[in-house]
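In my numbering, the protein residues as written are 12 to 349.
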Ligand SMILES: [Zn+2]
């Protein structure tokens with residue numbers, strides 16, 4: 012992809028294009044912002060633009076040998092590092108110091124084919140401490156004709172000494188219109204999405220393309236129906252709802268965070284409806300007829316409190332807490348907040 016073929020993120024594109032135009036490309040950048048909003052795509056487009064053999068000095072042609080090799084990640088001057096799991100069963104992927112040392116050895120030489128060597132470290136916050144410290148040396152004394160580019164959705168987990176040596180470029184969530192255009196431009200594997208299915212994905216995407224594409228519409232519809240019923244009926248007179256719900260989801264611990272995220276999305280929308288917010292901010296706007304009466308049956312404070320209660324439950328359950336117990340407790344607190 013080239014700059015011009017990437018939708019959205021006009022500000023980061025402008026900063027990078029200006030830097031190329033003015034000959035003021037920095038030695039190191041940090042692309043930061045939410046997941047799945049185009050950071051990696053732009054990093055690759057930037058690498059291509061810096062090395063392209065085509066006629067446009069400010070953007071990649073996407074057709075020359077250099078662009079093709081970068082796209083396939085086989086260009087000898089393009090180094091792409093991402094976290095890997097040490098064994099298939101490891102819980103978290105990590106970037107180890109060995110990967111950084113290997114990179115440093117390769118960076119000792121001049122570019123082979125291109126004008127500029129580019130290093131992209133994806134999910135840079137997953138470098139372990141040793142790797143970060145080792146990479147810091149490269150940042151402090153960058154090799155000639157080399158650009159170092161860190162990508163992170165959680166830059167606060169990077170060492171401050173790394174942060175201070177990079178020019179930060181902030182990426183924001185994509186607009187509804189950008190997400191819509193991106194979904195429409197994707198090749199459809201199965202049947203074509205209808206207009207209303209596209210709208211549904213766009214409104215619920217939270218500005219992230221991956222979320223928009225991953226949505227399982229049928230499953231979501233079923234879950235939302237179930238959760239709205241709980242939010243509508245739960246009370247100290249209906250303890251049966253509490254126990255049944257907790258029992259069902261205690262058996263399904265893998266999905267519990269998805270359920271709680273869905274609760275958060277619905278409660279957020281209910282709070283917005285309750286405060287008289289306009290429809291354009293509502294993620295689940297297709298359910299407005301069902302949701303508005305539920306929203307109005309409680310105070311705004313109740314919805315805000317319930318949001319916090321779900322968030323606290325999520326945090327507790329990301330550890331090893333007993334799912335059934337915590338879900339029961341969450342729903343009892345829902346009643347108390349009413
Ligand atoms: Zn090219």
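Note that beta-carbon positions come from the ideal geometry of N, C-alpha and C, so glycine has one too.
The structure displayed is predicted, hence computed values, not measured ones.
Query: Whole-angstrom distance between residue 16 and residue 189, CA atom to CA atom; Result: 12 Å
Query: DSSP three-state assignment for residue 276, whether helix, strand or coil; Result: helix
Query: Residue nearest to residue 205 in terms of C-alpha spacing, selected from 218, 217, 191, 85; Result: 191
Query: Contacts around residue 74, its chain only, beta-carbon distance under 8 Å, and the 5 residues preceding and following it disregarded; Result: 65
Query: Integer Cβ distance of residue 228 from residue 213, believed to fall under 8 Å; Result: The Cβ separation is near 12 Å, so there is no contact.
Query: Under 7 Å between C-beta atoms of residue 45 and residue 180; Result: no
Query: Distance cut-off 6 Å: residue 65 Cβ against heavy atoms of ligand 1; Result: yes
Query: Residue 54 CB to nearest heavy atom of ligand 1 below 6 Å; Result: no
Query: Straight-line gap, residue 295 to residue 267 (C-alpha atoms, nearest Å); Result: 20 Å
Query: Own chain partners of residue 135 with C-beta closer than 7 Å, once the 5 adjacent residues on each side are dropped; Result: 161, 162, 163, 169
Query: Beta carbon of residue 222 nearer than 7 Å to that of residue 216; Result: yes
Query: Cα-Cα separation between residue 84 and residue 337, rounded to whole angstroms; Result: 46 Å
Query: Residue 60 Cβ short of 6 Å to ligand 1 heavy atom set; Result: no
Query: DSSP state of residue 43 mapped onto helix, strand, coil; Result: strand
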